[in-house]
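With our numbering, the residue at position 14 of the sequence shown is 180, and numbering never jumps. To start, the structure under review is shown below, and the notes come after it.
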Amino acid sequence: MPVTFAAARLIMASFFVYSGSTANWMIRIPDIQTKLGLDPATLALCLLGMPVGLVTSMLFSGALVDWLGARRAIQVGFVAMMVPLALPAFAPNAPLLFVALVIVGLGMGPLEVGLNVMADRIGGALGRTVMSRCHGFWSLGVMAGGATGSAAATFGIGPEPHMLVVVAAVIVLGELFAIMLPDMRDPPRAGPKEKTPVFVLPSRSLVALCFFAFGMLVVEGAIIDWSAIYLRDDFGAVPPVTGYALTAFAAVMAAGRLGGDWMSTRFGPVATARLCSAVAVAGVAAMVASPYVWLVVAGAAATGFGVSVAFPLAVSSAASREGRPGVNVAALSILSFSGFLIGPPVIGFVAHFSGFRFGLATLLIPAVASLLLAGEVRVRRAARTGTLAGGAAAPAR
167 MPVTFAAARL
177 IMASFFVYSG
187 STANWMIRIP
197 DIQTKLGLDP
207 ATLALCLLGM
217 PVGLVTSMLF
227 SGALVDWLGA
237 RRAIQVGFVA
247 MMVPLALPAF
257 APNAPLLFVA
267 LVIVGLGMGP
277 LEVGLNVMAD
287 RIGGALGRTV
297 MSRCHGFWSL
307 GVMAGGATGS
317 AAATFGIGPE
327 PHMLVVVAAV
337 IVLGELFAIM
347 LPDMRDPPRA
357 GPKEKTPVFV
367 LPSRSLVALC
377 FFAFGMLVVE
387 GAIIDWSAIY
397 LRDDFGAVPP
407 VTGYALTAFA
417 AVMAAGRLGG
427 DWMSTRFGPV
437 ATARLCSAVA
447 VAGVAAMVAS
457 PYVWLVVAGA
467 AATGFGVSVA
477 FPLAVSSAAS
487 REGRPGVNVA
497 ALSILSFSGF
507 LIGPPVIGFV
517 AHFSGFRFGL
527 ATLLIPAVAS
537 LLLAGEVRVR
547 RAARTGTLAG
557 GAAAPAR
């Protein structure tokens with residue numbers, strides 16, 4: 167059965183509801199902090215639970231996706247992540263909040279890898295990339311989830327009933343979308359059957375690509391976490407101005423991802439990665455050197471465009487290389503997502519002693535490193551094409 171663009175729409179919708187669910191949770195974090203009486207340091211430690219669980223689950227998610235297939239992994243992932251997503255709202259203390267978030271993170275791994283592998287397979291079958299648009303819909307889901315979460319908080323709906331409704335809705339929608347996705351797998355390999363490793367780390371051939379994505383995700387995580395505080399502490403901005411940089415960053419990042427597939431097709435993935443990485447370097451430099459709020463906002467917007475396609479391009483490249491795509495994507499994600507875990511605390515530590523301007527200036531190091539490694543995103547399709555479960559070969563793109 168041939169793959170049509172309807173499958174691409176389904177995987178984009180899956181990315182949308184996935185990110186929307188996490189955004190609804192993030193909007194309720196201040197309410198959870200108030201309810202439990204947590205100081206900022208304790209809350210920060212609790213919030214490490216989700217990325218710790220995610221990075222841990224990435225160690226075995228590649229093998230799980232290879233065993234189940236991307237479609238079934240998505241089905242399992244939606245349930246494994248969504249069922250515990252309501253638990254943090256009911257946590258009675260900080261230790262249990264941390265544990266609940268670790269459990270959520272463990273469920274995210276199979277879903278994250280399954281969605282990215284499926285997006286790559288569908289793009290290969292269609293003969294055109296859809297990866298960047300999928301991540302664009304992820305960004306749109308964050309914006310939509312933030313809006314619905316804010317509305318729930320504004321109308322006085324508590325985090326507990328709010329998250330129960332979100333969990334129920336996303337499980338229904340996610341499973342519905344997953345059932346309608348094509349069952350796509352790798353073609354049978356010639357020679358002895360290769361055993362998929364249960365736990366994966368980046369192979370030597372993937373290390374440089376992983377560091378390209380790592381650098382961009384360090385920048386992305388730091389801007390998300392610290393841009394509002396930078397405007398408040400260094401420029402004396404007050405709400406809503408403190409949120410302008412983050413809003414500009416997120417909006418332009420979403421636009422960049424939605425147009426990323428066109429750019430990659432028109433100019434090639436390497437040229438696109440180099441252009442965007444250079445813009446990210448310029449954006450960070452503008453934020454650091456700026457004496458004006460408007461220039462910080464403009465720099466944040468440029469940075470959003472710069473980081474927008476980095477991870478989608480890296481995923482497409484990893485999935486196209488020798489080896490199992492699920493294993494490759496999981497290995498890439500382990501190192502790349504650790505940028506979210508490591509980057510913001512490091513920037514905060516530097517800023518504590520030297521100020522946020524100097525702290526953000528250190529982002530130029532990973533940004534420039536990613537620019538130098540942008541050539542690693544080259545897609546290598548010659549050795550492998552995707553197949554449907556029924557065995558029909560999908561054309562290489």
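Quick reminder that beta carbons are idealized off the backbone N, C-alpha and C, glycines included.
Minimum C-alpha distance to residue i - residue among the options
| i | options | result |
| --- | --- | --- |
| Ala-257 | Ser-180, Ala-464, Glu-326 and Ser-502 | Glu-326 |
| Phe-522 | Trp-392, Val-332 and Gly-302 | Trp-392 |
| Pro-510 | Met-382, Pro-478 and Val-231 | Met-382 |
| Glu-542 | Val-279, Pro-478 and Val-450 | Pro-478 |
| Thr-295 | Val-481, Ala-437, Val-512 and Leu-501 | Val-481 |
| Pro-435 | Gly-387, Gly-273, Leu-375 and Val-450 | Leu-375 |
| Val-447 | Leu-537, Leu-412, Ile-198 and Ala-388 | Leu-537 |
| Leu-209 | Gly-235, Leu-220, Leu-263 and Val-183 | Leu-263 |
| Ser-180 | Ala-319, Phe-506 and Ala-335 | Ala-335 |
| Asp-205 | Val-418, Asp-399, Asn-259 and Ala-416 | Asn-259 |
| Phe-415 | Ser-443, Gly-449 and Pro-168 | Gly-449 |
| Ile-426 | Phe-503, Thr-320, Val-475 and Val-242 | The sequence as given places Gly at residue 426; Ile does not occur at that position. Residue Val-475 is the option with its Cα nearest to Gly-426. |
| Leu-424 | Met-178, Ala-172 and Ala-246 | Met-178 |
| Ile-345 | Arg-237, Leu-412, Leu-214 and Gly-271 | Arg-237 |
| Val-218 | Met-419, Leu-507 and Phe-515 | Leu-507 |
| Phe-524 | Asp-399, Val-231 and Ser-486 | Asp-399 |
| Ala-291 | Ala-174, Gly-514 and Arg-544 | Ala-174 |
| Ile-513 | Val-385, Val-534 and Pro-405 | Val-385 |
| Gln-241 | Glu-278, Val-407 and Val-404 | Glu-278 |
| Gly-505 | Trp-233, Val-331, Ile-390 and Val-245 | Ile-390 |
| Ala-239 | Val-268, Val-249, Pro-261 and Gly-273 | Gly-273 |
| Gln-199 | Val-249, Ala-189 and Pro-254 | Pro-254 |
| Thr-188 | Val-331, Val-516 and Gly-307 | Gly-307 |
Distance between beta carbons of residue j and residue i, contact taken as under 8 Å
| i | j | result |
| --- | --- | --- |
| Gly-472 | Val-283 | That belief does not hold up - the Cβ atoms of Gly-472 and Val-283 are roughly 26 Å apart, past 8 Å. |
| Phe-378 | Ala-540 | 6 Å |
| Leu-220 | Gly-275 | 6 Å |
| Ser-567 | Ser-298 | Outside the displayed range of the chain (167 to 563) lies residue 567, so it cannot be described from this structure. |
| Leu-251 | Met-329 | 7 Å |
| Ala-468 | Ala-452 | 7 Å |
| Leu-498 | Leu-372 | 6 Å |
| Ala-388 | Leu-501 | No, Ala-388 and Leu-501 are not in contact; Cβ-Cβ is about 17 Å, not under 8 Å. |
| Ala-411 | Ala-466 | 4 Å |
Exposure of residue i, with buried meaning 16 or more beta-carbon neighbours within 10 Å
| i | result |
| --- | --- |
| Trp-191 | buried |
| Glu-304 | Here the sequence assigns Trp to residue 304, which means Glu is not the residue at that position. Trp-304 should be labelled buried. |
| His-301 | buried |
| Val-183 | buried |
| Ala-317 | exposed |
| Arg-440 | buried |
| Pro-168 | exposed |
| Ile-531 | exposed |
| Phe-519 | exposed |
| Val-404 | exposed |
Residue i: CB within 7 Å of a non-hydrogen atom of the ligand ZN
| i | result |
| --- | --- |
| Met-284 | Questions concerning the ligand ZN fall outside what the structure shown contains, since it holds no ligand whatsoever. |
Contact with chain B by residue i, beta-carbon distance below 8 Å
| i | result |
| --- | --- |
| Leu-253 | Within the model displayed, chain B is absent; a lone protein chain is all it includes. |
Stretch pair the stretch 216–228 + the stretch 337–353: three plus CB contacts closer than 8 Å: Note that the stretch 216–228 does not touch the stretch 337–353; fewer than 3 beta-carbon pairs, one per stretch, sit closer than 8 Å.
Mind the definition here: the stretch 327–342 touches the stretch 453–461 only if three or more C-beta pairs lie below 8 Å; say whether that holds. Result no; under three Cβ-Cβ pairs closer than 8 Å.
Extract the residue ranges of the alpha helix (DSSP H) inside the stretch 187–246, only unbroken runs of 4 or more that lie entirely within it. The qualifying runs are 195–202, 206–213 and 215–234.
Do the stretch 273–292 and the stretch 484–491 make contact, defined as three or more Cβ pairs closer than 8 Å? Yes, since at least three Cβ pairs between the stretch 273–292 and the stretch 484–491 fall closer than 8 Å, the two stretches touch.
Is it a yes or a no for the stretch 308–322 touching the stretch 191–205, going by three-plus beta-carbon pairs under 8 Å? Pairwise C-beta distances place the stretch 308–322 in contact with the stretch 191–205, as three or more of them are shorter than 8 Å.
Which runs of the alpha helix (DSSP H) fall wholly inside the stretch 369–432 and span at least 4 residues, in chain order? Runs found: 370–401 and 410–424.
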